[in-house]
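Peer 1: First, the structure itself, so that you have it in front of you.
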Amino acid sequence: MDNTRSGITWFDEDKWIACLMSTDPQPSTWIIDRKLAENEDLATEADVKKCMMPSEAGSIFVCSNIDAPSQEAVVKARMQIPYFNTTFKSRQVRAQHADPDMRAPSRRELSAFDYLT
1 MDNTRSGITW
11 FDEDKWIACL
21 MSTDPQPSTW
31 IIDRKLAENE
41 DLATEADVKK
51 CMMPSEAGSI
61 FVCSNIDAPS
71 QEAVVKARMQ
81 IPYFNTTFKS
91 RQVRAQHADP
101 DMRAPSRREL
111 SAFDYLT
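Everything in the sequence shown is counted per UniProt numbering, starting at 1 for the first residue and increasing by one.
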């Protein structure tokens, strides 16, 4: 995988800002206030077969508690994205690239966050 960029905004602020999220096991509702960063890790089909890591986009957002707006938190969102140079191919082609598993680095990060909470 290299530093290739698609130029696509995967986490469009028009769709994400003002979205509500609920948490468990301590129920609370949060609203996404702003996006801090977005990145993508593009892979070709050969990269995926070699490294077993599909393409992924991620974003970091600041959100606030609906019941206590001065209480802020950071949320990270990730999504699997199409292989490099296949974004505009048919959805049938892109569906063949889908991997039901989370990338290993993402799983490790999630485990670390689980440990902290």
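No residue lacks a Cβ here, since even glycine has one placed at the ideal position from N, Cα and C. All figures in this text were calculated on a predicted structure; none of them were measured in a lab.
Give the DSSP-derived three-state secondary structure of Trp10 in the structure shown.
Peer 2: Residue state, collapsed to three classes: coil.
Peer 1: Considering only residues of the same chain and omitting the five flanking positions on each side of residue 121, which have a CB-CB separation below 7 Å?
Peer 2: An answer regarding residue 121 cannot be provided, because it is not within the stretch 1 to 117 covered by the chain.
Peer 1: Report buried or exposed for Phe11, applying the criterion of at least 16 other Cβ atoms within 10 angstroms of its Cβ.
Peer 2: That one is buried.
Peer 1: Among the residues of its own chain, which have a CB less than 6 Å from the CB of Met79, if the five just before and after it don't count?
Peer 2: So the list reads Ala57, once near-sequence residues are dropped.
Peer 1: As an exercise, report each continuous alpha helix (DSSP H) stretch of at least 4 residues that is fully enclosed by the segment 25 to 58, in chain order.
Peer 2: Counting whole runs of 4 or more residues, the segment 25 to 58 contains the alpha helix (DSSP H) stretches 45 to 51.
Peer 1: Relative to the alpha-carbon of Ser22, which residue among Lys15, Asp41, Ser6, Asn65 has its alpha-carbon at the smallest distance?
Peer 2: Comparing Cα positions, the closest option is Asn65.
Peer 1: By the 10 Å Cβ neighbour count, where 16 or more other Cβ atoms means buried, how is Cys51 classified, buried or exposed?
Peer 2: Exposed, because fewer than 16 other Cβ atoms sit within 10 Å of the Cβ of Cys51.
Peer 1: Just to confirm the assignment, what range does the beta strand (DSSP E) spanning Arg78 have?
Peer 2: It spans 72 to 80 - the beta strand (DSSP E) in which Arg78 sits, taken as one unbroken run.
Peer 1: At what residues does the alpha helix (DSSP H) containing Ser22 begin and finish?
Peer 2: Looking at the DSSP string, Ser22 is not in any alpha helix (DSSP H); the run it does join, the beta strand (DSSP E), is 20 to 23.
Peer 1: For my contact list, Ser6 and Thr87 are in at a C-beta cut-off of 8 Å; report their separation, rounded to the angstrom.
Peer 2: Confirmed, Cβ separation roughly 6 Å.
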